[in-house]
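*Asks:*
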Amino acid sequence: MPDTKQVPVRQTFAIRKMDCAAEKQLVKSALESNPGVISFEIDMGRRQVGVVHTAAPADIDAALQRLQLDSEQIALADYQGNAGVLGSVQQARDADEAKTLRALLAINFVMFGVEIVAGIWAQSAGLIADSLDMLADASVYGVALYAVGRSASLKLTAARTTGWLQLVLGVGVLIEVLRRFAYGSEPQSLFMIGIGLMALAANILCLYLLASKKDSGVHMTATWICSSNDVIANAGVIVAGILVMLTNSPYPDLVIGLIITAVVLNGSRRILSLEAG
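Here it is in structure tokens:
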């Protein structure tokens, strides 16, 4: 619990590389690790975070710096409001957000299973890679739920476990795509298009769930920035399926598979580069 004998301060940061829900969760976990934090507000639209706390300002600054999201303190002042009320409001928001995280975790994990099975059956590198992207999203939400109330070291261990999982699976998919480049494949275009549309619908549902939060305007902007990668990946699989159908060539499928795999591998690299906060 924060030390209520001290005068709370409000510290505001610009976090220039906080573009999506996954990075918001990293910031949230870093702040929750400090027992002096009473409340915080994350403004995704402006890429700013306001923190009310009784900790040393340098400690809060250091915790955010370790996330490597280009954070910078832009304001520091004594807090004049009711810190107790702020803490209660934050707890209510956290409980509501946890419900949404569980739904997002379920949607992404189910679609991972659907796409990986369909991708193997349809011999589609694009679907297999897109399933890995779904698993990456599910792991972000899963770690966010696991991290609540746990120590910084456990949060880091959980995050890095998902990072290694993504890396191992990503390398496996990359090897498989390269093997198919060398030895050929016969992707089923109709399956690619159909499952790609299902994945697109799943991501639209995730957008809807996130946009229905109290701060829907900010979340919609932030989530669209982040989820645009998923939507583009889904659209890429669909377009690749159409091109496979029109050209009777496996190369469109292999190319989109390489692109999505590269995105996932870069995500795993960023997770593994995190430091304890």
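Quick note: the sequence shown uses my numbering, first residue 910, plus one each step. The beta carbon of each residue, even a glycine, is placed where N, CA and C say it ideally should be.
(1) Please report the distance separating the alpha-carbon of residue 954 from that of residue 1119.
(2) Suppose the cutoff is 6 Å on Cβ atoms and the five residues either side in sequence are ignored; what does the same chain contact list for residue 1097 look like?
(3) Decide if residue 934 is buried, meaning its Cβ has at least 16 other Cβ atoms within 10 Å, or exposed.
(4) Going by the beta-carbon positions, is the gap between residue 977 and residue 923 smaller than 7 Å?
(5) Do residue 1170 and residue 1079 have their beta-carbon atoms positioned less than 7 Å apart in this structure?
(6) Under 6 Å Cβ to Cβ from residue 1139, same chain only, skipping five residues before and after it: list those, please.
(7) Look at the alpha carbon of residue 993 and the alpha carbon of residue 965, and state the distance between them as a whole number of angstroms.
(8) Output yes or no for whether 7 Å exceeds the beta carbon distance between residue 1050 and residue 1013.
(9) Compute the distance between the beta-carbons of residue 920 and residue 969, then report whether it is under 7 Å.
(10) In the DSSP assignment, find the unbroken beta strand (DSSP E) run with residue 921 in it and report its ends.
(11) Nearest-angstrom Cα distance between residue 1108 and residue 987?
(12) Could you give the DSSP three-state label for residue 1097: helix, strand or coil?
(13) Quick check on DSSP: helix, strand or coil for residue 934?
(14) Is the beta carbon of residue 1048 less than 7 Å from the beta carbon of residue 1071?
(15) Going by beta carbon distance, what residues of the same chain come within less than 7 Å of residue 1021, once the five residues before and after it are set aside?
(16) I need the boundaries of the alpha helix (DSSP H) containing residue 974, first residue and last residue.
(17) What residue does the alpha helix (DSSP H) around residue 1033 start on, and which one ends it?
(18) Throw me the rounded Cβ distance for the residue 1159 and residue 1152 pair, which I believe falls under 8 Å.
(19) Apart from the five residues on each side of it in sequence, which residues of its chain come closer than 6 Å, Cβ to Cβ, to residue 926?
(20) Give every residue of the same chain whose Cβ lies closer than 7 Å to the Cβ of residue 1126, excluding the five residues on either side of it in the sequence, and list them in chain order.
(21) Have a look at the DSSP bridge pairing and note the partners of residue 1141.
(22) Using only CA atoms, which one of 1165, 1093 and 1157 lies nearest to residue 1145?
(23) Within 10 angstroms of the Cβ of residue 944, are there 16 or more other Cβ atoms? Answer buried if so, exposed if not.
(24) Use the C-beta contact count for residue 983: other C-beta atoms within 10 angstroms, 16 or more gives buried, fewer gives exposed.
(25) Counting only the same chain and skipping the five closest in sequence on each side, list residues whose C-beta sits under 7 Å from that of residue 1114.
(26) On a Cα-Cα basis, can you pick out the residue from 1142, 1178, 1024 and 1167 that is closest to residue 851?
(27) Using beta-carbon positions only, say whether residue 1260 and residue 1007 come within less than 7 Å of one another.
(28) Provide the residue span of the beta strand (DSSP E) that contains residue 1167, from first to last.
*Replies:* Inspection of the coordinates gives the following:
(1) Between residue 954 and residue 1119, the C-alpha separation is close to 14 Å.
(2) Only 1031 meet the Cβ criterion.
(3) Taking all protein chains shown into account, residue 934 has 16 or more neighbouring C-beta atoms within 10 Å of its C-beta and is therefore buried.
(4) It is not a contact, given that the beta carbons lie outside the stated cut-off.
(5) The criterion of a C-beta distance shorter than 7 Å is satisfied by residue 1079 and residue 1170.
(6) For residue 1139, where only same-chain residues beyond five positions count, the Cβ hits under 6 Å are 1112.
(7) Reliability fails at residue 993, whose pLDDT of 49 lies under 50, so the model's placement of it is uncertain and the value that follows must be treated cautiously. Each residue's CA atom was taken as its position, placing residue 993 and residue 965 some 19 Å apart.
(8) Residue 1013 is positioned such that its CB atom lies closer than 7 Å to that of residue 1050.
(9) Against a cut-off of 7 Å, the Cβ pair of residue 969 and residue 920 comes out as a contact.
(10) Residue 921 -> beta strand (DSSP E) spans 918-924.
(11) Straight across, the Cα-Cα distance linking residue 1108 with residue 987 is about 47 Å.
(12) The DSSP-derived three-state label of residue 1097 is coil.
(13) DSSP, read as helix, strand or coil, puts residue 934 in helix.
(14) For residue 1048 and residue 1071, yes; Cβs fall inside 7 Å.
(15) Excluding positions up to five away in sequence, the list reads 1040, 1043, 1044 and 1047.
(16) Its alpha helix (DSSP H) spans residues 966-974.
(17) Neither: residue 1033 is in no alpha helix (DSSP H) and is coded neither H nor E.
(18) Here residue 1159 is actually not in contact with residue 1152; their C-beta atoms are around 10 Å apart, not less than 8 Å.
(19) Scanning its chain for C-beta atoms nearer than 6 Å, with the 5 sequence neighbours on each side dropped, one finds around residue 926 the residues 978 and 979, in chain order.
(20) Low local confidence applies: a pLDDT of 40 at residue 1126 is under 50, so the model's placement there is unreliable, with the coordinate-based value given in what follows. The answer is none, since no qualifying residue turns up.
(21) Bridge partners of residue 1141 according to DSSP: none are assigned.
(22) Nearest in C-alpha terms to residue 1145, of all of 1165, 1093 and 1157, is 1165.
(23) Classification for residue 944: exposed.
(24) With fewer than 16 neighbouring CB atoms inside 10 Å of its own CB, residue 983 falls in the exposed class.
(25) Contacts found: 1016.
(26) The shown model of the chain, from 910 to 1186, leaves out residue 851, and the question about it has no answer.
(27) There is no way to answer for residue 1260, as the model of the chain reaches only from 910 to 1186.
(28) DSSP places residue 1167 in no beta strand (DSSP E) but in the uninterrupted alpha helix (DSSP H) bounded by 1160-1181.
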